[in-house]
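The numbering of the sequence shown is our numbering, which starts it at 210 and goes up by one. The beta carbon of each residue, even a glycine, is placed where N, CA and C say it ideally should be. Because the structure is a prediction, the values reported are computed rather than measured. Here's the structure, in structure tokens; my notes come after.
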Amino acid sequence: MFRLPFLNKKQKQKIATIDNVPEHIAIIMDGNGRWAKKRGLPRLAGHKQGMDNIRTIVRTANKYGVKILTLYAFSTENWKRPKSEVDYILKLPKEFIHIYLPELIEENVQIKTIGAFDLLPAHTQEAVEEAKKRTEKNDGLILNIALNYGSRYEMVQAIKQITKDVQSDQLNLEELNEQVISNYLYTKDLLDPDLVIRTSGEQRLSNFLLWQVAYAEFWFTDVYWPDFNENVFEKALSDYQNRKRRFGGLSNNKSKQE
Ligand code: IPE
Ligand code: IPE
Ligand code: MG
């Protein structure tokens, strides 16, 4: 069993009062299968438990004033898994929305997605589209689901579009810079992540937001995603507050680098 890193009351108060809360947290929700295996359950039970866990993490993020929570739910490489598992995972967004949408609306959450949306099954697209529509006017936490997301695929799509726009004189090659490239990515309306969390003991990006995490902080835990609770999340937030971000400069102040 893993020992969960609980915080004491004083540390919790520090998170609630201090202003250095990451604005954008991106989480690689890994370990559903191993969570299930450890309990003698089918992998799908792990995915279901993982889905339910999103509720807790959204509430905690909201509580601490996080602005954007990006959750890696399905990668462009996850199609390699058995069809039965893929089918099950791609039904979960609909189930999640069915159960939790009223609560998310009440909490002023706005749902967005990044990824190759048009390549998802129609039933997944329809459910998510409706949830996006019903939350588009909310201005609280952005719950951004990475669904059929792959960073390299995203970059290929961006390069194709940039090439087309240059060829049709919509974009001048001389004007191409980092900001312009960012505007061709799925994340164009979002700030880059401040903190990336990966659960389950793996320490890799697995094709997640390669461009966007250039200056993100990383936090890893052995805890499997379905066990990633409020206490573990608070530990990540607390550790983040003690990091010194310099962005290549000498101070901890983002604005001074610009
Ligand atoms: C993460 O859990 C969910 C997805 C990748 C869809 P996994 O299914 O990868 O769980 P493990 O890594 O096999 O334990
Ligand atoms: C990354 O987890 C993708 C998601 C969490 C959706 P994987 O389980 O697919 O990653 P690898 O295969 O271990 O790198
Ligand atoms: Mg995994």
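Hey, is residue i close to ligand 4, as in C-beta under 8 Å from one of its heavy atoms?
{"i": "Asn262", "result": "With respect to small molecules bound, the structure shown includes ligand 1, ligand 2 and ligand 3 and not ligand 4."}
With respect to the alpha helix (DSSP H) encompassing residue i, which residues constitute its N-terminal and C-terminal limits?
{"i": "Arg290", "result": "Where Arg290 is concerned, there is no enclosing alpha helix (DSSP H), given that its DSSP letter is neither H nor E."}
{"i": "Ala245", "result": "241-247"}
{"i": "Glu443", "result": "439-450"}
{"i": "Thr361", "result": "Note on identity: in this sequence residue 361 is Arg, with Thr being the wrong assignment. Here the alpha helix (DSSP H) through Arg361 covers 360-376."}
{"i": "Arg343", "result": "331-344"}
{"i": "Val389", "result": "387-391"}
Pick helix, strand or coil for residue i, following the three-state DSSP scheme.
{"i": "Asn217", "result": "coil"}
{"i": "Leu399", "result": "coil"}
{"i": "Tyr281", "result": "strand"}
{"i": "Ser464", "result": "Residue confidence for Ser464 is low, a pLDDT of 45 falling below 50, so the modelled location carries little weight and cannot support an answer."}
{"i": "Arg454", "result": "coil"}
{"i": "Leu394", "result": "coil"}
{"i": "Leu299", "result": "helix"}
{"i": "Asn535", "result": "No answer is possible for residue 535: the residues shown for the chain start at 210 and end at 467."}
{"i": "Leu380", "result": "coil"}
{"i": "Leu313", "result": "helix"}
{"i": "Asn229", "result": "coil"}
Assuming contact is defined by CB atoms lying nearer than 9 Å, are residue i and residue j in contact in what I supplied?
{"i": "Gly165", "j": "Asn416", "result": "Within the shown structure, residues of the chain are numbered from 210 to 467, placing residue 165 beyond reach of any answer."}
{"i": "Ile323", "j": "Ala355", "result": "yes"}
{"i": "Ile314", "j": "Ile266", "result": "no"}
{"i": "Asp403", "j": "Glu426", "result": "yes"}
{"i": "Tyr393", "j": "Gln376", "result": "no"}
{"i": "Gly410", "j": "Phe429", "result": "yes"}
{"i": "Leu216", "j": "Asn357", "result": "no"}
{"i": "Leu419", "j": "Pro231", "result": "no"}
{"i": "Leu310", "j": "Thr269", "result": "no"}
{"i": "Leu301", "j": "Lys257", "result": "yes"}
{"i": "Thr209", "j": "Tyr433", "result": "Residue 209 lies beyond the residue range present for the chain, which begins at 210 and ends at 467; the question has no answer from this structure."}
CB-CB under 7 Å to residue i, same chain, minus the five flanking residues each way: which ones, in chain order?
{"i": "Pro251", "result": "Ala245"}
{"i": "Phe211", "result": "Only weak support is given to the placement of Phe211: the predicted model assigns it a pLDDT of 47, under 50, and the value that follows is read from those uncertain coordinates. Result list for Phe211: Asp431, Val432, in chain order."}
Tell me the residue span of the beta strand (DSSP E) that contains residue i.
{"i": "Tyr273", "result": "First-last for Tyr273: undefined, no H or E at that position."}
{"i": "Val422", "result": "Segment: none, Val422 is in no beta strand (DSSP E) and carries neither H nor E."}
{"i": "Gln319", "result": "319-323"}
{"i": "Leu404", "result": "404-407"}
By Cβ distance, which residues of its chain are closer than 8 Å to residue i, with the 5 residues on each side in sequence left out?
{"i": "Asn229", "result": "Tyr449, Gln450"}
{"i": "Trp260", "result": "The question names Trp, but residue 260 is Met in the sequence shown. Hits under 8 Å: Leu301, Glu304, Phe305."}
By Cβ distance below 6 Å, which residues in the same chain neighbour residue i in space, the five residues on each side in sequence not counted?
{"i": "Gln466", "result": "Because the pLDDT at Gln466 is just 41, under 50, the model does not fix this residue reliably, and the point stays unresolved."}
{"i": "Lys341", "result": "Ile320"}
Is it a yes or a no for the region 373-386 touching the region 340-350, going by three-plus beta-carbon pairs under 8 Å? no
Counting Cβ pairs, one atom from each stretch, are 3 or more of them under 8 Å apart for the region 333-342 and the region 291-305? yes
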